[in-house]
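Written below as structure tokens is the structure these notes are about.
Number of protein chains: 2
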Amino acid sequence: MNKAKRKQLERRGWKVGSASEFLGLSPEEARFIELKLALSHWLRERREAYKLTQIELAQQLRSSQSRIAKMEAGDPSVSLDLLIRSLFSLGATKRDLVRVIAASNRPHAA
Amino acid sequence: MNKAKRKQLERRGWKVGSASEFLGLSPEEARFIELKLALSHWLRERREAYKLTQIELAQQLRSSQSRIAKMEAGDPSVSLDLLIRSLFSLGATKRDLVRVIAASNRPHAA
DNA sequence: TGATGATATGTCAGATGCGACATAGTGTCA
DNA sequence: TGACACTATGTCGCATCTGACATATCATCA
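Next up, the structure:
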């Protein structure tokens, strides 16, 4: 639904604050996007914490560097499934997941 | 990845306990499936709490009765995206989500 | 400056998920 | 028993997501 707007939104992404301040998103769409952005952000954090390059992570996940980049950028073409699978593959636990989701309205939880 | 086994697994689903007891699942696959099953279960709970039929919910979500049934059954053909979008559309909050995920290893959190 | 390593962006063919439809199963009335 | 309402299952054409690849951008070093 309106990919262009959403993409622009996600391009700015978590850097600028919570997603709901943008135009025309229903509350549940906003919640969903915020969730994705929080996970995207966290994926990058975890990868960097492990000192992996996107290429190395891609190999580990049997994906590709470009997909990792898109995941981390919150590109609309990446699904929650892929994000969460990836995080689990990076060793995330349910407890971790819960923590991230709970914090996902705070713009700069880094 | 081995849809048949996974489907059989999910057919029994949360009724029989946590998913990881079945064959040949990597820990992260197991985590992922448990997460899906927990959300599936919760979707049904919420729908029933609202006294909606699958048809009514389908209309509300602009989906179809069969997809709702598959969601609630944890069918492998439904994505986390759809599940979570649906829950958000049913008014779930991040707090709700967190609660469900945190409880998702307990077999009978109903 | 150029070269090198890392990340970002665009595109595409093939894989997977989607709503829709048909139909089968299940429970509950009379 | 049949009729009805609800849910489950199977299939299908279309849409979206995926990994892969090419290429662009960016940062750092010499």
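Line by line, the protein sequences give chains U and S. Residue numbers for the first sequence follow the numbering used here, so the first one is 295 and each next one is one higher. Residue numbers for the second sequence follow the numbering used here, so the first one is 295 and each next one is one higher. Every residue gets a Cβ at the ideal spot worked out from N, C-alpha and C, and that includes glycine.
Give the single residue among U:A332, U:S320, U:I349 and U:L319 whose Cα lies nearest to the Cα of U:G368.
It is U:A332 whose Cα lies nearest to the Cα of U:G368.
Return the Cβ separation of S:L374 and U:D375 in integer angstroms, given the expectation that the two are a contact with Cβ distance under 8 Å.
The pair is a contact, with the Cβ atoms about 5 Å apart (cut-off 8 Å).
Got a sec, what are the start and stop residues for the alpha helix (DSSP H) U:L246 sits in?
There is simply no residue 246 of chain U to check, as chain U begins at 295 and stops at 404 in what is shown.
Can you tell which of U:S383, U:Q348, U:P321 and U:V392 has its C-alpha closest to the C-alpha of S:L276?
A question about residue 276 of chain S goes unanswered here, because the residues of chain S that appear run from 295 up to 404.
Check whether the Cβ atoms of S:K330 and S:L381 lie closer than 8 Å to each other.
No, these two residues do not count as a Cβ contact at 8 Å.
So, helix, strand or coil for S:N296, using DSSP?
Note that S:N296 scores a pLDDT of 43, beneath 50, so its modelled location is shaky; the value from the coordinates is reported in the next line. If DSSP states are grouped into helix, strand and coil, S:N296 belongs with coil.
Would you list, in chain order, the members of the segment 374-391 of chain U that have their beta-carbon closer than 7 Å to a beta-carbon of chain S?
Answer in chain order: L374, D375, I378, R379, F382, S383, K388 and L391.
Starting from the beta carbon of U:R325, find every residue of chain S whose beta carbon is closer than 8 Å, and list them in chain order.
Under the 8 Å cutoff, chain S gives F382, T387 and K388.
Got a sec, what are the start and stop residues for the alpha helix (DSSP H) S:S334 sits in?
Here the alpha helix (DSSP H) through S:S334 covers P321 to A343.
Could you pull out every residue in the same chain whose Cβ sits closer than 7 Å to the Cβ of U:L351, ignoring the five residues on either side in sequence?
Within the same chain, U:L351 has close Cβ partners R341 and I362.
Name the chain U residues that come within less than 8 Å of S:A396, Cβ to Cβ?
What S:A396 touches in chain U: K388, R389 and V392.
Under 7 Å Cβ-Cβ, which residues of chain S neighbour U:E339?
Within chain S, no residue comes near U:E339; the closest Cβ sits about 18 Å away, beyond 7 Å.
If you draw a straight line from the C-alpha of U:W308 to the C-alpha of S:L346, how long is it?
Note that U:W308 scores 40 on pLDDT, short of 50, meaning its location in the model is unreliable and no value can be drawn from it.
Below 8 Å on C-beta distance, what does U:E486 contact in chain S?
Residue coverage of chain U in this structure runs from 295 to 404, which leaves residue 486 of chain U outside it and unanswerable.
If contacts are defined as beta-carbon pairs under 8 Å, then U:K388 and S:I395 qualify, I think. What distance do you get, rounded to the angstrom?
Correct: roughly 6 Å between the Cβ atoms.
Kindly say whether S:E322, judged by its beta-carbon, lies nearer than 8 Å to any beta-carbon of chain U.
So yes, S:E322 belongs to the interface.
If we call anything under 8 Å between Cβ atoms a contact, is S:E322 one with U:R379?
Contact: yes.
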